[in-house]
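The next block holds one structure in the form of structure tokens; read it before the comments.
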Amino acid sequence: MDCQTLRHHCPTWDDYIQHDFVKQLTAGTLAPDSFRHYLVQDYLYLIHYTRVMALSIYKSDNLAQMRVGQAGVNAMLDMEIGM
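Count along the sequence shown starting at 1, add 79, and that's the number in the working numbering.
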């Protein structure tokens, strides 16, 4: 998906990229406490998202579906959360 397609199909995209948090992060003026809060919230989200992916393995109908879920869980545990 390119940027033009995203903008066309998601009119709120500009709201996301023009948010004060993003502007301050880009400018290097974001308060350290705000950034720390973001990191904690992101970490908690990743933990719960990984649990959802693990649940998809449990609910899979066959090994092929289980392997897809396993790849996602491994990526989250090894790359996203493991950083």
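Glycine residues also receive a C-beta, built at the ideal position from the N, C-alpha and C atoms.
Small disclaimer: the values here were computed from a predicted structure and weren't measured.
- In this structure Thr129 is in contact with Ile160, their Cβ atoms being roughly 7 angstroms apart against a cut-off of 8 angstroms.
- For Ile126 against Val152, the beta-carbon gap comes to about 12 angstroms, at or over 8 angstroms, which does not count as contact.
- Here the alpha carbons of Ser113 and Leu104 stand approximately 10 angstroms from one another.
- Assigned with DSSP and collapsed to three states, His116 falls in helix.
- Note on Met155: 16 or more other CB atoms within 10 angstroms of its CB, so buried under the neighbour-count rule.
- Closest option to His116, judged by alpha-carbon separation, among Ala106, Val131, Phe100: Phe100.
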